[in-house]
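To keep things clear, I will list the structure first and then write my remarks on it.
Number of protein chains: 2
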Amino acid sequence: MLNKGYCTIPGEAGYEELTLKLAEKWGADVVRDSDGTTLSDKILSSGLNVYSTLCLIRSDNAWAKQNTDKLQQNFLMSDPVIAQSNTVTIDLLKGYFREQFRINTNDDSKIWWQVFDRTSAKEIPAYDWEFNDTDGTVTVYNTVKNHFYTVNFLAYRIWEAISMYNHITNNWGDREHLMPVDPIYPEAQERILSNLEKWLENHPKTDVVRFTSMFYNFCWLWGDDQNLRYRYSDWGSYDFSVSPYALTLFEKQKGYRLTSEDFINAGFYNNTHNVPTRKYLDWIDFINDFVISFGKKCVDLAHHYGKKAYVFYDDHWIGIEPYGHRFAQFGFDGIIKCVFNAFEARKCAGVSGIKTHELRLHPYLFPTGLKGEPTFKEGGNPTRDAKNFWVNIRRALLRSPVQRIGLGGYLHLVEGFEDFQDYISELAQEFRLIKSLHESGKPYTVPCKTAVLHSWGKLRSWICSGHMHEHPELDLNHVNEALAGLPVDVVFISFDDILKHGIPDDVKVIINCGRLDSAWSGGDHWKNPEVVARITEWVSSGGGFIGINEPSAAKFSSRYFQLSHILGVEREIGLTLSKGKYNYTMTDNDHFILKDSGPVINLGIEAGDIYAVNANATVLADRNRQVRIAVNSFGSGRGVYFSGYRANPQNIRMLFRAILWAANKEDAIDLWISENINTECAYFPSSKKLVVINNRGEIETTSIKDETGNIIKVTLDEYGIKVIETT
Amino acid sequence: MLNKGYCTIPGEAGYEELTLKLAEKWGADVVRDSDGTTLSDKILSSGLNVYSTLCLIRSDNAWAKQNTDKLQQNFLMSDPVIAQSNTVTIDLLKGYFREQFRINTNDDSKIWWQVFDRTSAKEIPAYDWEFNDTDGTVTVYNTVKNHFYTVNFLAYRIWEAISMYNHITNNWGDREHLMPVDPIYPEAQERILSNLEKWLENHPKTDVVRFTSMFYNFCWLWGDDQNLRYRYSDWGSYDFSVSPYALTLFEKQKGYRLTSEDFINAGFYNNTHNVPTRKYLDWIDFINDFVISFGKKCVDLAHHYGKKAYVFYDDHWIGIEPYGHRFAQFGFDGIIKCVFNAFEARKCAGVSGIKTHELRLHPYLFPTGLKGEPTFKEGGNPTRDAKNFWVNIRRALLRSPVQRIGLGGYLHLVEGFEDFQDYISELAQEFRLIKSLHESGKPYTVPCKTAVLHSWGKLRSWICSGHMHEHPELDLNHVNEALAGLPVDVVFISFDDILKHGIPDDVKVIINCGRLDSAWSGGDHWKNPEVVARITEWVSSGGGFIGINEPSAAKFSSRYFQLSHILGVEREIGLTLSKGKYNYTMTDNDHFILKDSGPVINLGIEAGDIYAVNANATVLADRNRQVRIAVNSFGSGRGVYFSGYRANPQNIRMLFRAILWAANKEDAIDLWISENINTECAYFPSSKKLVVINNRGEIETTSIKDETGNIIKVTLDEYGIKVIETT
């Protein structure tokens, strides 16, 4: 049973033998194609189930070329230009990659565009500027000398972002540039559905349509300068879903109109790291509504042809919102997510309303990785990479199962990497073992349900925006990573949730982690006295609050940390330099929270100048008399502060202990917790099975206490795993 | 001539012999008393001139005790108290030092006080709170549970702050607590003038009345908790000049009324490090006006009695404003400033409209220093301290002369510190030597007049607030310290100056240095497009702009550094994480600015996450791909950015080079500049004398080029000084 199934292999025409050999070796029951590969008849007839990738919006380039007014669009802000006199002319696309964008000259610029003096932050009246559609410039009149001007304009995307990336990364030369069609137009919908129908008819051997994904990609603006190739990149942004037609529909549905500036936002765009505006949330809702309603038609069609429909939870995932309350309405049979680490695995596993969750593991079978580093080529070490990713992912799978794993890319690249071929075989077995443990019931968790509080709440469960390696500086990425493998039930809640429904009854600990004005800390939500009062009440009645970096931060009223009374600390940001700071003494050198941490704690880029507000706070760690870690009691509840956070074995244990301490459940450290911090375990009460994993490349020994106080001793190989039957 | 004069010694009754011996040894021509000492007849008749200290507002404690409604007052904010139900009672003085404050129960609290819900930032209507004058509490009704409440209330000061400090520091036991009288009341003025007249009559041997100082001390709020003794301390704050009577006069004069909250400011008070409001500037102006008008009567009286009037530029200096345009109206004959370092010496030397500038050197003859460290007692090393202070002060005196030096405190403490006695003798000789050099004319400066731009402008020339050791974290303190000894003409200008008068024609370089929203960076002034446009125009026409830490920072419009186009860099504060950053290459490893800096540059607590905005910026130093130093050309002008600043020999030279580079005057490095950065020189063109100093405790050799290209070689003893006659 552990040798076979639940595994997807990428096939490749021309490499039929390799495909079938590795399918056998890895126990794959499914073969798939990838962007740039096809499956031959021999593969299709091999007895493996077949996934076929389909990207609906870039699959009919001929139609796209004939209907360039139906291409997808977005707002762009031109680079600022300084006025040298009383007029200034702005080359709109200057600095942008002209192979990606073409200015929209179809819609009336005076209706949809806006021009701003960004020095004074004032809009220029429409009669004071003029668009020249022959050279793609805007001339602004009556300018103020030495002020900067920018234009918010609409551009069509003439090269679909993901295929552009694949094309350039793999040197596809003069292969045709695929263009993204916008399904918002009824004509485009008709065409997509009829294409899909034809496609379904022409793919009789396909078992699963793997939609990649629905319609709109996350926002990815490219530049022409090689030193600023990615001008803007946000995995969660809806900026690529805009068009005058959609804006018109939005106005009808929501009763008000959005402007270009609602998207451009002075050049900040609506990036996921910032607190979303009510308008932007409305736009997300509007697009989500459309994607579901039209997406469901596509899914229904696949079902009609007897095929299953899986969706890829990356790339064109915008508008799908697997954590939205309407996701089940699509009727998808499966969801596939590319994963590098634990929180991404939990993000996939946690999607409800769907039967099959599949992880697309890394490395992708490409010559280079996402950061341009070598993988399947000279200098690469794909086995090491795969192992590093897997060790992190495995932690998460102990807590929450998925049903399948798979790979993607060009299979022929693994030739010559025999150790990789062997390792994937091992990995697949481990996966099947862990999957089997969940079948009899859920693993044990400590009685300290934890809510991560940020502006997005459930909608951005387990993720900030993009992969960990894209934003290693974000403390919340590290907190998500730590939580993803801990025996703790985790939910994600928003400030709106608290205002509407209060703090859920079963939540014992709240974590708030981020910098001032970020979506993660909460920004202006902390200026709402209702939020502060509700959390104050909750902690004083026994709740636990863990704040990291700039929790509850807002420049508002008399404080910076609006919950400094709970945290016991405040931050000096230079506005209270004349204020004396409490001269704390460090007395607690052996606090419960730090028991396994060792002397040096790496908290990353810490918030500096943290000080204790009074004698009640207990400082556990400091540097140059600046607080790094503090604990505080408030009423019947407890507060914990960390000046930053990085996921590593010491800190993962420290956060776990902080959760127990904040919840007033220190005892829980003595039940079903692996004593050695390089190892972790999960206990499955219904089967009485205990699984222990070694996260480190050395032999490790550990011990685990059961309910009776018995100590179970385990020794594990490098990165090893063991299942122990307890009774 | 170098052995005698221009030096003040503190005398002490009971130590007449010591006084006269050291007066002889140090070449002192003046003897003074100090707080806690008296001069005996023998000293008064010794032939030395006599300074007598006089603090007008604490000199008649009997009258003060009879007129407690005429004591000085200030607004205090009570510590926040959380409401547990729909009423909350606040003990107003809780946490404050009750020996310093007494609640004002004379004036109607409903008129002058305010109560706030600081959680919602809303004022509580007067009918919803009640002051209980028997127990000093305020009860607030109709409170919201879990919100915090504070009271802005008036308190009399019942122990004058400086004598309180001296009393407690020197363990004066049950000596009477002196109380500060407020001269704003006509009765108090009458009493002060009649006391002064009596005093003048009773001090026939006094040559100089040393006012300590005028009337209002800087704000210094003490706490009852020894771990929070100094709750608030701001050398520049006017918070101690408030009373209902003064507020009433203000309203008459300025035409509008100030509230308690204009002073309390949500607990931030009007601290000097923050951008002053227009209202606060009006209050400063009002108090300055009063202090001059009544202060002049006191000065005139001293003159009437044939005595000179000197003012101490510390302690009760509030309202004097030596850098205000009306200062000369006092008619003072001299100004005395206590100094630890170079910028304080320049601050004293730079006061115009006065004949004699005198430095009160450190260490003060007290057992302990300002930070409680031992000086004239076991464990102290006053000679080392004096030398360290002097080496820094000396740099400043090369650029701008003062007329006198002196000491203060208890002379008997120097007994047993023979080396200190010897060193002061040497130091006094050096002082007289440097003073003599200035007599024939000014020293040479490079043609790069530099303006330090901040919110206070000239009013806070050469100082932020308080001593360097109180705020070593402030970059501007270090910049002031560096500039104080450089051969550069320096002015201090405000944003209002630029708006009213433009950038002065002779200024070649502007420095802006500070953190977001501080008075030093400029805060909301950077949201004024007129400020940005004027500086942009000026730099594009050839000006140089040096920005340090968060120059031109404001959360406004499309940027954070509003002058990022001039600086070539921007700061990522977490709101543009999705934006790509320009991938700069470091090419210039031998830039003019860094030529003498060596490999490791300590810039203190740096602004992190600085990035280059485009290819035009040249990055000179970085760390983990975060820019530390960059240069940028803009039009005909130049911009320089430093992520922080600390004054040390390397960095002082680096700032000097940055000024030359920004001004496009790199050649100036080759004329009258000492090549060895541990040494500095000043050239006096009219006398053709060159003075060279060694700032280091090792023998140093250096060379200096004159106008003809001749190289003058000099070798100097440890901390040595040499005067060379050129020709």
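Protein chains in written order, with my numbering: chain A, 1 to 727; chain B, 1 to 727. Beta carbons: idealized from backbone N, C-alpha and C, even for Gly. For clarity, every value in this text was computed on a predicted model and none was experimentally measured.
Partner residues on chain B for A:PHE268, Cβ-Cβ distance less than 7 Å: LEU575 and THR576
Residues sharing a beta bridge with A:CYS7, DSSP: A:ILE405
Extent of the continuous beta strand (DSSP E) run through B:TYR310: 308–312
Neighbour flag for B:TYR719 against chain A, beta carbons, 8 Å: Answer no: the Cβ-Cβ gap between B:TYR719 and chain A never drops below 8 Å.
Assigned secondary structure, B:GLN100 (DSSP; H/G/I helix, E/B strand, else coil): coil
For A:PHE592, the first and last residue of its enclosing alpha helix (DSSP H): Element bounds for A:PHE592: n/a, residue is neither H nor E.
Members of the region 241–270 of chain A near chain B, C-beta cut-off 8 Å: ALA266, GLY267, PHE268 and TYR269
CA-to-CA distance, B:GLY457 to B:HIS748, given in whole angstroms: Past the edges of chain B, shown from 1 to 727, lies residue 748 of chain B, and the structure says nothing about it.
Three-state class that DSSP yields for A:SER636 in the structure shown: coil
Under 7 Å from the C-beta of A:VAL50: neighbouring residues of chain B: Simply none; closest approach about 37 Å.
Enclosing alpha helix (DSSP H) for A:LEU178 [first to last residue]: Segment: none, A:LEU178 is in no alpha helix (DSSP H) and carries neither H nor E.
Cutoff 6 Å; reference B:ILE463; Cβ partners in own chain excluding five residues on either side: LYS347
Alpha carbon of B:GLU176 to alpha carbon of B:ARG98, nearest angstrom: 16 Å
Residue burial classification, A:ASN217 (beta-carbon count within 10 angstroms, cutoff 16): buried
Three-state secondary structure assigned by DSSP to B:TRP390: helix
Nonlocal neighbours in the same chain, by C-beta distance under 6 Å from B:TRP220, ignoring five residues either side: If we look at B:TRP220 and ignore the five residues flanking it on each side, its Cβ neighbours are ALA161 and SER233.
3 or more residues per run - each beta strand (DSSP E) lying fully within the region 8–88 of chain A: 30–32, 49–54 and 73–77
Three or more C-beta pairs below 8 Å linking the region 357–375 of chain B and the region 683–701 of chain A: no
Cutoff 8 Å: A:ILE90 Cβ touching any chain B Cβ: Interface residue (Cβ-Cβ distance to chain B less than 8 Å): A:ILE90 is not classified as such.
Beta-carbon proximity of B:LYS4 to B:GLY27, cut-off 8 Å: yes
Backbone secondary structure at A:ASP239 - three-state DSSP: helix
C-beta contact flag for A:ILE669 and A:LEU655 at 8 Å: Not closer than 8 Å, so no.
For B:ARG118, the three-state DSSP class (helix, strand or coil): coil
Option nearest B:ARG653 by Cα separation, candidates B:ASP609, B:ASN678 and B:SER643: Comparing Cα-Cα distances from B:ARG653 to each of B:ASP609, B:ASN678 and B:SER643, the minimum goes to B:ASN678.
N- and C-terminal bounds of the beta strand (DSSP E) containing B:VAL619: 618–623
Identified DSSP bridge partners for B:ASN195: Paired residues: none, contrary to the question.
8 Å contact criterion, which A:PHE290 and A:LEU54 should meet: CB distance rounded: The pair is not a contact, with the Cβ atoms about 19 Å apart (cut-off 8 Å).
Exposure of A:TYR127, with buried meaning 16 or more beta-carbon neighbours within 10 Å: exposed
N-terminal and C-terminal residue of the alpha helix (DSSP H) that A:PHE343 is part of: 342–349
Chain-ordered neighbours of A:ASN132 on chain B, where CB pairs are closer than 8 Å: Correct list: empty, because the minimum Cβ distance to chain B is about 24 Å.
Beta-carbon proximity list for A:ASP107, same chain, < 7 Å, skipping 5 on both sides: LEU154 and PRO244
Any C-beta of chain A under 8 Å from that of B:PRO80: yes
Helix, strand or coil at B:GLN626 according to DSSP, with G and I counted as helix: strand
Within the region 415–457 of chain B, ranges of the beta strand (DSSP E) (whole runs, at least 3 residues): 450–453
B:PRO374 in three-state terms, based on DSSP: strand
Check whether A:ILE336 and A:GLU358 have beta carbons under 8 Å apart: yes
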